[in-house]
Amino acid sequence: MRGKRLRNDGVKSPTARPSSSPASPPTGGEVKSLRDLTPQQWKSGIAAWLGWLFDGLDMHLYTLVAAPFVMQLLDAATMADAAVKEKSSWIQAAFLIGWALGGGFFGRLGDRLGRSRALCLTILTYAAFTGLSAVAQTWWQLMILRFLAALGIGGEWSIGSSLLSETWPRHWRPWIAAVLQTGGNIGILGACAAVYLMAGVNPRYVFLVGILPALLTLWIRRQVPEPEEWHAAKKRAGRAEPGVADLFRGETRRTTLLTMAVCACSLTAWWAFLFWQPQHLRNLPELAAWTAAARDQLVSRTFFFVILTSVAGNFFAAALAKRFGYRRGILLMFVGFFAAMCSTFLQTPHWQALVWFWFPAVGFFSGVFGLFTMYMPPLFPTLLRTTGAGFCYNIGRVTAAFGTVFFGLFSQVGDFRLALLYASFLFVPAIAIALVLPEPRALYEAAPADMPVD
3 MRGKRLRNDG VKSPTARPSS SPASPPTGGE VKSLRDLTPQ QWKSGIAAWL
53 GWLFDGLDMH LYTLVAAPFV MQLLDAATMA DAAVKEKSSW IQAAFLIGWA
103 LGGGFFGRLG DRLGRSRALC LTILTYAAFT GLSAVAQTWW QLMILRFLAA
153 LGIGGEWSIG SSLLSETWPR HWRPWIAAVL QTGGNIGILG ACAAVYLMAG
203 VNPRYVFLVG ILPALLTLWI RRQVPEPEEW HAAKKRAGRA EPGVADLFRG
253 ETRRTTLLTM AVCACSLTAW WAFLFWQPQH LRNLPELAAW TAAARDQLVS
303 RTFFFVILTS VAGNFFAAAL AKRFGYRRGI LLMFVGFFAA MCSTFLQTPH
353 WQALVWFWFP AVGFFSGVFG LFTMYMPPLF PTLLRTTGAG FCYNIGRVTA
403 AFGTVFFGLF SQVGDFRLAL LYASFLFVPA IAIALVLPEP RALYEAAPAD
453 MPVD
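Per my numbering, the sequence shown starts with residue 3, numbered consecutively.
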């Protein structure tokens, strides 16, 4: 169908026409400061940010208590037991697969029902099933509950980023991405604080903290309207809405494949670090004489430092994107990520050096993922925006799930360091792919009305 084009609302038309809809985000000439934002923009921003905050909270409660909780469920003697490592990695793999499936399912729901409605459903899903994890009696029950919670967490990522992409000024996007990612980081810090304060308490009770996000949905449903851009796109589309197959047609196919690949490589390496780094720290020989509670508190403090530097990394990545563009910003952060992670596990530094320097250095370059929140949604047409962004980002979760299990095989002999060193080399193909990534400004801001299909 050469000559036909897909407008940014996802509808094919014989001729491309510039969009005159008032639904487009305000331009730089209209909004110069936060005082110029409308109440709707503020509400959308707060809803997305809080959704991400609780996303981060519920996401990382398990990673911080995985070993002691699974040890309890298996009635194992120690956390170093091979069965504990195997089952905990399978639970995390199920979580990441659920995240990917949830991104696709709720992303599609967000395109069909609206961003605000779908956001409420995602938050209710992950809050309910995270809380229910506290009553799991077997490892496979915990695996099922983490899988179900992940469905909501995966959906919230794409819906929240699309909500902001469609309501806040385009020229602020790099900084918006940093602020949005910071919400997730603060949620992770909340998980660290919960585990730290509950050290010595039965680890299952930590999951009860995850119920709190459900309260947010009451406010979102009443106060956060759907974006005008989404309403306008739905009206123009009528019944002729695009399907998931449109992600693999025309020039959109190239965008889909490249973003899928870069997410798969980078997220697999990052999640290998997030999951196995606490286990690596717990099993260091110099900590053998420490009590379990003391090791748990050290893990929480270390994770706190990692996420704190990640917040700084979010804004550093935003500055790079603002100065050099998204593609070069992502490329430079990937280079730093590889250098930091490889250097950390190429050696065997003292635990204090790991806690105070090497692990936080890796966390700093994870700020690159903050760019993804505003980078990916504008690459796709409006009625494929949450579907496309969620699909590509969460395909990375599927590979990360298998990567968690694969790199976990090294833990059977207790060598977490070697597993994490090998995982760092996934940034080599990620760097190569980043060289040819599309720049969203050329696809969305310069020509918002249409995108080629064939």
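Idealized CB from N, CA, C, for every residue including glycine.
Discussion item. Looking at the secondary structure, which residues open and close the alpha helix (DSSP H) in which H173 lies?
Written reply: Taken as a continuous stretch (DSSP letters only), H173 belongs to no alpha helix (DSSP H), as it is neither H nor E.
Discussion item. Taking 6 Å as the limit between beta carbons, can you name the residues of its chain near A342, skipping five residues before and five after?
Written reply: A363, V364 and F367
Worksheet item: Under three-state DSSP, which class holds E253?
Response: helix
Worksheet item: With a CB to CB cut of under 6 Å and the five nearest residues on each side skipped, what residues in its chain are close to D298?
Response: A201
Fill in: Residue of T406, L423, A434 and T401 minimising C-alpha distance to A102
T401
Worksheet entry | A138 (DSSP reduced to helix, strand or coil) | coil
Item to complete: Excluding the 5 residues preceding and the 5 following Q94 in the sequence, name in chain order all residues of the same chain whose CB lies nearer than 6 Å to its CB.
Response: F277 and T406
Item to complete: Assign F250 to one of two classes, buried (16 or more other C-beta atoms within 10 Å of its C-beta) or exposed (fewer than that).
Response: exposed
Discussion item. Looking only at its chain, what residues have a beta carbon closer than 6 Å to the beta carbon of R387, apart from the 5 residues adjacent to it on each side?
Written reply: S164 and P379
Worksheet item: With DSSP run on the structure shown, which of helix, strand or coil describes N316?
Response: helix
Worksheet item: Rounded to whole angstroms, how far is the Cβ of L144 from the Cβ of A152, which I believe are closer than 8 Å?
Response: Rounded, the Cβ-Cβ distance is 12 Å, inconsistent with contact.
Worksheet item: Is Y395 buried or exposed, if buried means 16 or more other CB atoms sit within 10 Å of its CB?
Response: buried
Fill in: Own chain residues within Cβ distance below 7 Å of A85, not counting five before or after
L76 and A78
Item to complete: Can you give me the Cβ contacts of R329 inside the same chain, cut-off strictly under 7 Å, excluding the 5 residues immediately before and after it?
Response: A436, L439 and E441
Practice prompt. On a CA-only basis, which of E88, G53 and G105 is nearest S457? Give me that one, please.
Written response: Lying outside 3 to 456, the shown extent of the chain, residue 457 is not represented and no answer is given.
Item to complete: Note down the Cα distance separating G220 from G58, rounded to an integer number of angstroms.
Response: For the sequence presented, residue 220 should be read as Leu rather than Gly. Cα to Cα, L220 sits roughly 20 Å from G58.
Worksheet item: How is T293 classed by DSSP in three states: helix, strand or coil?
Response: coil
Practice prompt. In the DSSP assignment, find the alpha helix (DSSP H) that holds A425 and state where it starts and stops.
Written response: F418 to S426
Practice prompt. Can you say whether D38 is buried or exposed, counting buried as having 16 or more other CB atoms within 10 angstroms of its CB?
Written response: exposed
Item to complete: Going by CA-CA distance only, name the one from A295, L55, L66 and A129 that's closest to I188.
Response: L55
Item to complete: Could you spell out where the alpha helix (DSSP H) holding W51 opens and where it closes?
Response: P41 to L76
Worksheet item: In angstroms, rounded to a whole number, what distance separates the CA positions of A391 and S160?
Response: 6 Å
Discussion item. Distance check for W272 and D83, CA to CA, integer angstroms please.
Written reply: 24 Å
Item to complete: Give a yes or no on whether the minimum CB-CB distance between L249 and chain C is below 9 Å.
Response: Within the model displayed, chain C is absent; a lone protein chain is all it includes.
Discussion item. Going by C-alpha to C-alpha distance, which of T384, L422 and R399 sits closest to D113?
Written reply: T384
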